[in-house]
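Undergrad:
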Amino acid sequence: MKFPYLFIFLLWNFLAIAQQGFKIPDSLSEKSYDELSDRIDNHDLDSATINLYINTYIEKAKKEFDTKNLIAGYRSLLNRKPQAPALQYTDSILKLANALKEDEEIGHAYLDRAVIYYISKNYQKSLDNYLQADKYINETNDPYTQYKIKYGIANIKYYLGNYQEALELFTSCKDFYKKREGHNNKLGYLHTLCSTGQSYFKLGQYEKCSETNRIGLTDSKDPAYKVIHNYFLQSEGINQFAKQNYNEATKYLLKSLPEVTKNNDFVNIAINDMYLGKSYIKLNQEETGINYLQKVDSILQKHHYANIELRKTYEIFIDYYKEKGDLENQLLYTNRLLDADKILEKNYKELISTIHKEYDTAELVASKDNLEKTLKRNKIISYTIYGLGSIIILIITYMLIANYKKQKVYKQKYEELIAKTSERKKQPEEPVQITKVITDELDINKDIVFKILKGLEIFEHEEDYLSIGLTQSALAEELDTNTTYLSKVINHYKGKNFNSYLNELRVNHAVSLLKNSPTHRRYTIKALAEELGFSNPRSFSDAFFSQTGIKPSYFIKQIEKEPDLLMSA
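Sequential numbering of the sequence shown, starting at 1, is according to full-length UniProt numbering.
(1) Throw me the rounded Cβ distance for the residue 254 and residue 216 pair, which I believe falls under 8 Å.
(2) Whole angstroms are fine: how far does the CA of residue 123 sit from the CA of residue 585?
(3) In the DSSP assignment, find the alpha helix (DSSP H) that holds residue 99 and state where it starts and stops.
(4) With a cut-off of 8 Å on the beta carbons, I'd call residue 282 and residue 246 a contact; round off their distance for me.
(5) Which same chain residues end up closer than 8 Å to residue 292 when comparing Cβ atoms and leaving out the 5 residues on each side of it in sequence?
(6) Just to confirm my understanding: we take residue 315, look at its own chain, exclude 5 residues before and 5 after, and list those with CB closer than 8 Å. What are they?
(7) If you pair each beta-carbon of the segment 506-524 with each one of the segment 535-547, do three or more pairs fall below 8 Å?
(8) Leaving out the 5 sequence neighbours to the left and right, which residues in its chain are closer than 8 Å to residue 585 when beta-carbon positions are compared?
(9) Can you tell me whether residue 154 is buried or exposed, with buried defined as 16 or more other CB within 10 angstroms of its CB?
(10) Classify residue 519 as helix, strand or coil using the three-state DSSP reduction.
(11) By Cβ distance, which residues of its chain are closer than 7 Å to residue 372, with the 5 residues on each side in sequence left out?
(12) So, at 7 Å on beta carbons, what are the nonlocal neighbours of residue 212 in its own chain, with the 5 sequence-adjacent residues on each side left out?
(13) Looking only at C-alpha atoms, which of 135, 309 and 446 sits nearest to residue 160?
(14) Suppose the cutoff is 6 Å on Cβ atoms and the five residues either side in sequence are ignored; what does the same chain contact list for residue 243 look like?
(15) Apart from the five residues on each side of it in sequence, which residues of its chain come closer than 7 Å, Cβ to Cβ, to residue 313?
(16) Between which two residues does the alpha helix (DSSP H) holding residue 187 run?
(17) Quick one: Cα of residue 284 to Cα of residue 290, how far?
(18) Cα separation between residue 364 and residue 36?
(19) With DSSP collapsed to three states, give me the class of residue 304.
(20) On the CB-based measure, 16 or more other CB atoms within 10 Å of its CB, does residue 465 come out buried or exposed?
(21) To which residues of the same chain is residue 186 closer than 6 Å at the C-beta, ignoring the five residues directly before and after it?
(22) Helix, strand or coil: which one does DSSP assign to residue 535?
(23) Given this structure, state the Cα-to-Cα distance separating residue 456 from residue 248, to the nearest angstrom.
(24) Do you know offhand how far residue 500's Cα is from residue 555's?
(25) Per the contact definition of three or more C-beta pairs closer than 8 Å, is the segment 223-234 in contact with the segment 255-263?
(26) Out of 118, 202, 557 and 469, state which residue places its alpha-carbon closest to the alpha-carbon of residue 525.
(27) Helix, strand or coil for residue 336 per DSSP?
(28) As a quick exercise: from 262, 263 and 238, pick the residue whose alpha carbon is nearest that of residue 251.
(29) For residue 306, which residues in the same chain have their Cβ closer than 7 Å to its Cβ, ignoring the five residues on either side in sequence?
(30) Decide if the segment 466-479 is in contact with the segment 514-525; the criterion is three or more beta carbon pairs, one per stretch, under 8 Å apart.
(31) Leaving out five residues before and five after residue 510 in sequence, what residues of the same chain have Cβ atoms less than 6 Å from its Cβ?
(32) Do residue 137 and residue 96 have their CB atoms nearer than 9 Å?
(33) Can you tell me whether residue 65 is buried or exposed, with buried defined as 16 or more other CB within 10 angstroms of its CB?
(34) Starting from residue 167, follow the alpha helix (DSSP H) in both directions and report where the run begins and ends.
(35) Taking just the CA atoms, how far does residue 127 sit from residue 135?
(36) Work out the CA separation of residue 552 and residue 419 for me, nearest whole Å.
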């Protein structure tokens, strides 16, 4: 459990909030920096008003060639910009700070860059900048900033899995901020308190984690601390999962999720979804649980990200599909796990190497053995996974080769079905001309035959064949005839018995529906069967396979894989 954005709020709370682009009234341009700063720090003002004050601040500094205040103005833009432009602002800040040749300003500039790189999940560059910041800040009498750096290093230690060392650093920071007054120090206290609880969780000290979360939830009730309040909820939800209180876990996690989502914190959204998925699986709500875990996979693939906690998602998938006998998905998630381990191994090597080489303090030298053990442990895990993965790949490859011909036939059937349905759409079937096709074999009055055929035409046009529980007797009654006449007419004019005729209509409808409706392609087979009038999923799948030669699940998968073919069809 790791919340990489939590310490960002602490580090940036001393930064003003601003954005350029407003015309500055003369009355504002006459205000002093202190007056503007007071307004900028007023949390009751709306964003547009604060933007105006900050823009005034920046323009005033430019006109007066005031480098320090220009740095402060640019710094206030950092948490209001996307990561790429924010990084550009830190470049400008660093250049201005170097021009001043003041250690404190240069150290703060490197700290700004460290924070943004951490948000971007570029932990190596984040650490590099923390180390640079530490070199300059250690030459100053600035304990507050020293603790910011200590907090950043603690988060990287947490990412590396050194939870005991992280706990000690978080606790030290928490005690420091707790003794100081003011809104910013309160935020610092709450964020480090939350990180302390998370470290207790990782160390298996669940009661201490719950106790810490209870304190945090009480101390963060003020609306000004709404964001961190929800991270305490998330922390307790995950902790309740560890205590095997799965219903309680889902309550806490669902309550925290909206605010975490609103904060665009993709890592913690993924963590929240992962523990919701695991909780629902434990509650025997397997389908709901797997859906949440698939959300995690989507997030990790989108951001090309991995950490120790989230990699467990793929272990769950592998076990799940192994039990189901689904070799293709078992292979898919085995490869995903291997990819995640490659990301972790690369990050770990670089980070640990840099920490040992450059951050040569007594505190980190003492932790060297533990860091090396962590790396060794992760290597062993990776090599084990690689070995198991190779065996699984060999087995699956053998089975896929044996299954190749079958899949080839399926693909051919699929393409024929797409072509057939497209042709049917271009050339709608002509109404039956009764006078041309009636024979003496039926031994039924011509008017009765005509009436039945017209009834069937309406039956098909109105899609009444989708009714659940429809029988031949019910349809005969609807058409005001008897089952004998209805059966003879269907056999003669449709070329099949009643059940085959009914299934053909439903399957044709299913094919059209799945081709044209992305929403229905996300339905379960059970839900599709119900909508199409089948009594159960098995009867739907069997009817679909009997008519098309492929399963509905395969048809859906191919449509999703080949959007170009679908569009041309």
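Using N, Cα and C, we set each Cβ at its ideal position, and we do this for glycine too.
TA: Let's see:
(1) Going by Cβ atoms, the distance from residue 254 to residue 216 rounds to 19 Å, so no, they are not a contact pair.
(2) Any property of residue 585 remains undetermined from this structure, which presents the chain solely from 1 to 569.
(3) From DSSP, the alpha helix (DSSP H) with residue 99 extends over 83-100.
(4) At roughly 5 Å, the Cβ-Cβ gap stays under 8 Å, so residue 282 and residue 246 are in contact.
(5) Answer for residue 292: 273, 274, 276, 277 and 280, listed in chain order.
(6) Cβ neighbours of residue 315 beyond the five flanking positions: 337.
(7) The segment 506-524 makes contact with the segment 535-547: 3 or more CB pairs, one atom from each, lie closer than 8 Å.
(8) Beyond the ends of the chain as shown, which are 1 and 569, falls residue 585; an answer cannot be given.
(9) Looking at its Cβ environment, which holds 16 or more other Cβ atoms inside 10 Å, residue 154 is buried.
(10) Shown here, residue 519 sits in a helix according to DSSP, grouped into three states.
(11) Note that residue 372 has pLDDT 48, beneath the 50 cutoff, so the model's placement of it is unreliable and the number below is only indicative. Nothing meets the Cβ criterion.
(12) Excluding sequence positions up to five before and after residue 212, its CB lies within less than 7 Å of the CB of 193, 196, 197 and 200, all in the same chain and listed in chain order.
(13) Looking at the Cα atoms, 309 is the closest of the given residues.
(14) Same-chain partners within the cutoff: 206.
(15) Result list for residue 313: 274, 293, 296 and 297, in chain order.
(16) First-last of the alpha helix (DSSP H) with residue 187: 183-202.
(17) Rounded to whole angstroms, the separation of the alpha carbons of residue 290 and residue 284 is 11 Å.
(18) Per-residue confidence for residue 364 stands at a pLDDT of 33, beneath the threshold of 50, marking its modelled position as unreliable; the derived number appears in the next sentence. Taking the CA atoms as reference points, residue 364 sits about 42 Å from residue 36.
(19) Secondary structure of residue 304 (DSSP, three-state): coil.
(20) Counting the other Cβ atoms within 10 Å of the Cβ of residue 465 gives 16 or more, which makes it buried.
(21) Hits under 6 Å: none found.
(22) Note: residue 535 maps to coil in three-state DSSP.
(23) Spanning the two alpha carbons is a distance of roughly 55 Å.
(24) The C-alpha of residue 555 is placed about 20 Å away from the C-alpha of residue 500.
(25) With the cut-off at 8 Å, the segment 255-263 and the segment 223-234 touch.
(26) Of the candidates 118, 202, 557 and 469, the one whose C-alpha sits nearest the C-alpha of residue 525 is 557.
(27) In the structure shown, residue 336 sits in a helix (DSSP, three-state: H, G or I).
(28) Comparing C-alpha distances from residue 251 to each of 262, 263 and 238 shows the shortest one belongs to 238.
(29) For residue 306, where only same-chain residues beyond five positions count, the Cβ hits under 7 Å are 300, 340, 343 and 344.
(30) Taking 8 Å as the limit for Cβ pairs, the verdict is that the segment 514-525 does not touch the segment 466-479.
(31) Only 532 meet the Cβ criterion.
(32) A distance of 9 Å or more separates the beta carbons of residue 137 and residue 96.
(33) Exposed is the call here.
(34) Unbroken alpha helix (DSSP H) run through residue 167: 163-178.
(35) The C-alpha of residue 135 lies about 12 Å from the C-alpha of residue 127.
(36) Near 17 Å, if we compare the C-alpha coordinates of residue 552 and residue 419.
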